[in-house]
Every structure is written in structure tokens, then in C-alpha cells.
DNA sequence: CTGCAAGCTAGAGTGTCCTCTAGGTCAAGA
DNA sequence: TCTTGACCTAGAGGACACTCTAGCTTGCAG
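Residue numbers (this note's numbering), protein chains in the order written: chain A, 1 to 145; chain B, 146 to 290.
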């Protein structure tokens, strides 16, 4: 995420640095998810700069947090257009942040349910493997676990 | 999630109750993601019971928290086999819980980065829309935002 | 008894996000 | 120079989790 500001990096180096595959990097470029065009060597090979790597780091975070590529592209578009549309960038990020909060809440709820179930199993294991667990007999009022 | 233990429910009612589409419910059944076969009416229509609805509620939580269907199927298989494999169920849930923790951590990190970026934009908006933001000129040492 | 919403099946289609392939080219060490 | 590994493009392929379609049946309200 922090790289020498003057050096140029090959696609392989970048892939390693940001934890994506070279395939994915080329795919992102094709899909216009990067800001500014990536420079090329005389022979046509990509030469990424520190800025590109920083941006890819941000991309990774946004993706990991569930931002769809379409929205990431929108964000990249806005940045590519240069200063003047900060309000829209802000809206986009705010919307995403709301999504992230919601997802954290959902995950925490799931965590509790899992913990509860885990507990049920641990107790059954301690008690000797078969008490009130579900069983395809007596189709009424039994636990599912 | 808590339903009358004796009543039977149509697929539409269940879909509404658990927040899935009827398509998804049929799909889950085909894919063996449900425990026990769903009962049918004389005419062949599904009649879900409270147990099924409970299980679907758990499915929803596990899915929301990122458990792949293959693993959910594995879990359903274990339950279908009846008591005796609690240790394996526990392993499965523990593994998933670890995944959930990791995802929560990742989301919280992302949240901070987003908050920081949001801040940058807010400041720029307050300061008058164009200071040190990225601009396709002077390709060195500038912020990306 | 008629109408019509809701249900049925098997299988094809969709959207998302990469990943891989084929058929080459480039670059750097021995 | 030769070899080897990394890189190139355009497009096909694939995993995942549904979602929809077509053609038909059920079942309840009027």
C-alpha cells in the first residue's frame, strides 16, 4: 500500500503487493475500474506506479466490504473526471458505509446464533451425545439443531 | 421464526415468513438443503411445518454470514443423519464462526478507511471544492481520493 | 361450475466476478 | 544467442446462488 513514488512496477509485482491475481488486474483495467491509464513500456508491458497501487488497495477494501464492481467503476469515473464532484463521491461513500454498518450488524447477529448453537452441541457432547436433538421420529415439538 | 407447532404452511406463506422467494425455497429443497422431506398435500403441494421454518431461519442467518450452500448442505446432511455426529457439526460451526469473525474484522477495517475518505471529502467541500485531490496533471506525489 | 391466484416440475437463463486458454511477445541471465 | 519465465490480447469458461420459463394442476371464492 505504500510504495516508492518514482518506481514502476510490473503486473506481477503489483499482483503480489495487493493480493490480486494478474488476471484480475487486467480484468479491472478492461472494466475501467482504475483511474488514469496504466503506462506501458516500449514493448507494451504495464508499468504501474505508486498511485495505482494505492488505488488498488482502496479497491480491495471496498470490494471486501461488499461494494459491487459497478459502483466501484462509478467511483473511479468520478475521480477520473477530476475535482468538482466531491459531493457525489461523498454520497456514494456514505451509501456504502450504511451498507457496511448493516452488514456488520447482520454478521454480529449471525455470530450470536452460531455461538448459541455451538453451545448446544458442546453441552450435548459433554452430556453423552444424544439428548433432545432432532431425529426423524415424533414429528412434533423437537429441537432442530 | 416462531410459528404454531401444529399448523402447516404453504410455500407462499413460508417465503413471506422467512424472506426468501418461492423459487429459492424450491431450489433449496432440490439442492438438499432442508432437513427431512417436506410433506405434501393430497394434490402434491408442499406443507411446511414449524420445524422447517425454524431451519430456514437458521439457513438464512448462515447464508447471510457467508456460509456457502455446499457447506450448508453438509450441515443439513449431518442433521439428517440424526444424533451421533455432534462433534462434526461443532467443527463445521466453529470453522464458520472463525470466518465470520474475520469478516467482521475486515468490515470494520473497511469502515475506518471509508470514514477517513469521507472526512477528506467533507473537508474539501467545506474548504471550497478543490485543493489537493487527484488530477491528471503532475503525475507525482499527489493524493488519489 | 367457473375463474384465477398460487402451486407444481425440470431445466434453462442470469448476474457477478473473476479465471483460464490459445497463441503469441518481451526481457534478462548464462 | 538461447532459454526461461513473465507478459500480452481477446474471448471463452466457470463457480455460485439464485431466478425465470413453459406448460400444467390445485384449490378456494363467488
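Beta carbons are placed, not taken as given, at the ideal position from N, Cα and C, and that holds for glycine.
Give every residue of the same chain whose Cβ lies closer than 6 Å to the Cβ of residue i, excluding the five residues on either side of it in the sequence, and list them in chain order.
{"i": "residue 79/A", "result": "35"}
{"i": "residue 284/B", "result": "Interpretation of residue 284/B is limited by its pLDDT of 47, a score under 50 that renders its predicted location unreliable; the figure taken from the coordinates is listed afterwards. There are no such residues."}
{"i": "residue 67/A", "result": "96"}
{"i": "residue 210/B", "result": "245"}
Along chain A, in chain order, which residues have C-beta atoms closer than 7 Å to that of residue i?
{"i": "residue 232/B", "result": "125"}
{"i": "residue 156/B", "result": "Simply none; closest approach about 19 Å."}
Kindly indicate the opening and closing residues of the alpha helix (DSSP H) around residue i.
{"i": "residue 179/B", "result": "First-last for residue 179/B: undefined, no H or E at that position."}
{"i": "residue 12/A", "result": "11-18"}
Quick one: list the residues of chain B neighbouring residue i, beta-carbon separation under 9 Å, in chain order.
{"i": "residue 61/A", "result": "251, 254, 255, 258, 259"}
{"i": "residue 121/A", "result": "231, 232, 234, 235, 238"}
{"i": "residue 47/A", "result": "Neighbours of residue 47/A on chain B: none; closest Cβ ~12 Å, over 9 Å."}
List, in order along the chain, the chain B residues whose C-beta lies closer than 8 Å to that of residue i?
{"i": "residue 118/A", "result": "235, 238, 239, 242"}
{"i": "residue 150/A", "result": "With chain A covering 1 to 145 only, the question about residue 150/A has no answer from this structure."}
Counting only the same chain and skipping the five closest in sequence on each side, list residues whose C-beta sits under 7 Å from that of residue i.
{"i": "residue 15/A", "result": "21, 22, 25"}
{"i": "residue 238/B", "result": "none"}
{"i": "residue 174/B", "result": "183"}
{"i": "residue 233/B", "result": "223"}
Taking C-beta pairs closer than 8 Å, name the residues in chain A that residue i reaches, listed in chain order.
{"i": "residue 183/B", "result": "Result: empty, since nearest Cβ-Cβ is about 12 Å, beyond 8 Å."}
{"i": "residue 210/B", "result": "106, 107, 110, 111, 114"}
{"i": "residue 248/B", "result": "107"}
Tell me which residues share the same chain as residue i and place their Cβ nearer than 8 Å to its Cβ, disregarding the 5 neighbours each side in the sequence.
{"i": "residue 192/B", "result": "153, 154, 155, 183, 184, 185, 186"}
{"i": "residue 77/A", "result": "32"}
{"i": "residue 130/B", "result": "Given that chain B is displayed from residue 146 to residue 290, the structure contains no residue 130/B and the question cannot be resolved."}
{"i": "residue 60/A", "result": "18, 19, 20"}
{"i": "residue 190/B", "result": "155, 156"}
{"i": "residue 90/A", "result": "none"}
{"i": "residue 85/A", "result": "78"}
{"i": "residue 104/A", "result": "none"}
Quick one: complete beta strand (DSSP E) runs, 3+ long, within the segment 194-239 of chain B?
Residue ranges of uninterrupted beta strand (DSSP E) with 3 or more members are absent from the segment 194-239 of chain B; none lies entirely inside it.
Could you check whether the segment 241-248 of chain B touches the segment 103-117 of chain A, counting it as contact only if at least three pairs of C-beta atoms, one from each stretch, sit closer than 8 Å?
Yes, they touch.
Does the segment 117-126 of chain A come close enough to the segment 214-224 of chain B that 3 or more CB-CB pairs lie under 8 Å?
Result no; under three Cβ-Cβ pairs closer than 8 Å.
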